[in-house]
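Each remark here refers to the structure printed beneath this line.
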């Protein structure tokens, strides 16, 4: 089969299309999936630059997100059969092969049926960002109807899903953007307040928006100094959730003196640590999101698609910044 191999850490050009043996079923719980598309995420570019979590297993196939058609099932699989369309977040961290390839093996317990109303490209763009936003807002922050939430970078991959999930929960959304085009997109997704973070003091603007109280929940998808700034935008006893490591210079005093609950959302943890129950829970999130997507209540935005052989170009585009929504590799258009 054709697959994009990372032979060594480095610039995007280390990603090369090669012929490799096609995978075969090894366990009773596995699916053999003919991939139609693969999502491209920031974690892919980070692993390409610095090395995977399993540096002794090069070459590696990157790509956590995939969507395709089940070709064969293990003897113990009951919920899927050949011909079923599935999507999932599995592999791509340097251990289990990822989805920059024509075929993939995925445990049936970690896959979900693809939403019927969207393309394979849209489905492949979805899993990581759906699970991340869902876990951050619903599980970590326990977002409730009537609350106000600040979502940093609301037009990014995770952010544009988070705005929609917050609205579906009945929350009011404020988000940050860098351009007028992104502001228009954020409002179309359901954000009621849009801040140009380059032009305003975000924390003060949020405090003004909430009549001096601060938001109930802040979701940091940016990292760096943004986490520290988020504390000042969040009310006493509020929640702050981040998907990135805290900056070493982060001043935690504001969070402490406001009795805020600070949570970390690393959605790849179950895959990294082999936490089967949590991986099954993430597949259940995908099942619930598929229902929302098919009901027209949740949508994925793809900024650009690339052929499988153009994986390096996709990485360059993502690293250039300013992407609205997601980038996707089309494997079998």
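Residue numbers (the UniProt record's numbering): 1 to 333.
No residue lacks a Cβ here, since even glycine has one placed at the ideal position from N, Cα and C.
| Leaving out the 5 sequence neighbours to the left and right, which residues in its chain are closer than 8 Å to residue 74 when beta-carbon positions are compared? | Here the set comprises 25, 27, 28, 29, 30, 31, 108.
| Is residue 18 buried or exposed, if buried means 16 or more other CB atoms sit within 10 Å of its CB? | Around the Cβ of residue 18, a 10 Å sphere holds fewer than 16 other Cβ atoms; the residue is exposed.
| What are the boundary residues of the beta strand (DSSP E) that residue 153 is part of? | Counting along the chain, residue 153 falls outside any beta strand (DSSP E), and DSSP gives it neither H nor E.
| said: Quick check on the DSSP output: what are the complete beta strand (DSSP E) runs of length 3 or more inside the region 266-310, in order along the chain? | reply: Unbroken beta strand (DSSP E) stretches of 3 residues or longer found wholly inside the region 266-310: 302-307, given in chain order.
| task | Compare the beta carbon distance of residue 38 and residue 329 with 8 Å and say whether it is the shorter of the two. | result | Yes, they are a contact pair.
| query | Where does residue 159 fall in DSSP's three states? | reply | When DSSP states are grouped into helix, strand and coil, residue 159 belongs to the helix group.
| task | Could you give the DSSP three-state label for residue 197: helix, strand or coil? | result | Per DSSP, reduced to three states, the secondary structure at residue 197 is coil, with no helix or strand assignment.
| Supposed close pair residue 152, residue 176 - CB separation, criterion 8 Å | That pair is a contact at about 5 Å.
| Is the CB of residue 89 under 8 Å away from at least one CB in chain C? | Here there is only one protein chain, and chain C is not present.
| task | Please name the residue in 66, 90, 236, 101 whose C-alpha comes closest to that of residue 119. | result | Distances from the alpha-carbon of residue 119 to those of 66, 90, 236, 101 put 66 closest.
| said: Run through the DSSP bridge pairs and tell me what residue 4 is partnered with. | reply: In the DSSP output, where bridge partners are listed per residue, residue 4 has 17.
| message | Considering only the alpha carbon of each residue, which of 95, 148, 16, 86 lies closest to residue 212? | response | Nearest option by C-alpha distance: 148.
| query | Between residue 23 and residue 105, which are expected to be in contact by the criterion C-beta below 8 Å, what is the C-beta distance as a whole number of angstroms? | reply | A Cβ-Cβ distance of about 5 Å is found for the pair residue 23 and residue 105, placing them in contact under the 8 Å criterion.
| residue 305 classed as buried or exposed, judged by whether at least 16 other C-beta atoms fall within 10 angstroms | Counting Cβ neighbours within 10 Å, residue 305 comes out buried, since at least 16 surround it.
| query | How big is the Cα-Cα spacing for residue 263 and residue 280? | reply | Whole-angstrom Cα-Cα distance: 21 Å.
| said: What would DSSP say about residue 24, mapped onto helix, strand or coil? | reply: Here residue 24 sits in coil by DSSP.
| request: Could you tell me which residues DSSP pairs with residue 189 in its beta bridges? | output: Bridge pairing for residue 189: absent [DSSP].
| Close-in-space but distant-in-sequence residues of the same chain around residue 4 (CB under 6 Å, 5 per side omitted) | Setting aside the 5 residues that flank it on each side, residue 4 is surrounded in the same chain by 15, 17, 100, 311, each with a C-beta closer than 6 Å to its C-beta; the list follows chain order.
| field | Segment limits, alpha helix (DSSP H) that includes residue 256 | value | Run containing residue 256: 253-257, per the alpha helix (DSSP H) assignment.
| message | Can you look up residue 221 in the DSSP assignment and give me helix, strand or coil? | response | The answer is coil: DSSP assigns residue 221 none of H, G, I, E or B.
| message | Beta-carbon within less than 7 Å of residue 246's beta-carbon, same chain only, minus the 5 sequence neighbours each way: which residues are those? | response | Counting only Cβ-Cβ distances below 7 Å, and skipping sequence neighbours, we find 227.
| query | Under 8 Å between the Cβ atoms of residue 54 and residue 91? | reply | No, the Cβ-Cβ distance between residue 54 and residue 91 is not below 8 Å.
| query | Helix, strand or coil for residue 247 per DSSP? | reply | In the structure shown, the three-state DSSP call for residue 247 is coil.
| From this set, 103, 220, 170, 34, which residue's C-alpha is nearest residue 69's C-alpha? | When only C-alpha atoms are compared, the closest one is 34.
| request: May I have the straight-line CA-CA distance separating residue 309 from residue 103, to the nearest angstrom? | output: Taking the straight line joining both Cα atoms gives about 15 Å.
| task | Give a yes or no on whether the C-beta atoms belonging to residue 85 and residue 49 are separated by under 8 Å. | result | Contact flag unset, no.
| Counted within 10 angstroms of its Cβ, other Cβ atoms place residue 230 as buried (16 or more) or exposed | That one is buried.
| Sequence-distant residues of the same chain with beta carbon closer than 6 Å to residue 218, five excluded per side | Result list for residue 218: 150, 230, 233, 234, 240, in chain order.
| query | With distances taken between CB atoms, is the gap from residue 238 to residue 223 smaller than 8 Å? | reply | Against a cut-off of 8 Å, the Cβ pair of residue 223 and residue 238 comes out as no contact.
| message | Considering only DSSP beta bridges, list what residue 103 is partnered with. | response | DSSP, once it has assigned bridges, lists 34 as partnering residue 103.
| request: Report back the beta-carbon spacing between residue 158 and residue 129 to the nearest angstrom; my notes put them in contact at under 8 Å. | output: Between residue 129 and residue 158 the Cβ distance is about 5 Å, and since that is below 8 Å, they are a contact.
| request: Output the boundary residues of the beta strand (DSSP E) element that contains residue 179. | output: Counting along the chain, residue 179 falls outside any beta strand (DSSP E), and DSSP gives it neither H nor E.
| residue 146 to residue 173, Cα distance in whole Å? | Their Cα atoms are separated by approximately 10 Å.
| said: Looking at residue 126: is its Cβ nearer than 8 Å to the Cβ of residue 143? | reply: Not a contact, by the Cβ cut-off of 8 Å.
| message | Going by DSSP in three states, residue 216 sits in which element: helix, strand or coil? | response | Note: residue 216 maps to strand in three-state DSSP.
| said: Please state the DSSP three-state secondary structure of residue 312. | reply: Residue 312 falls in the helix class under three-state DSSP.
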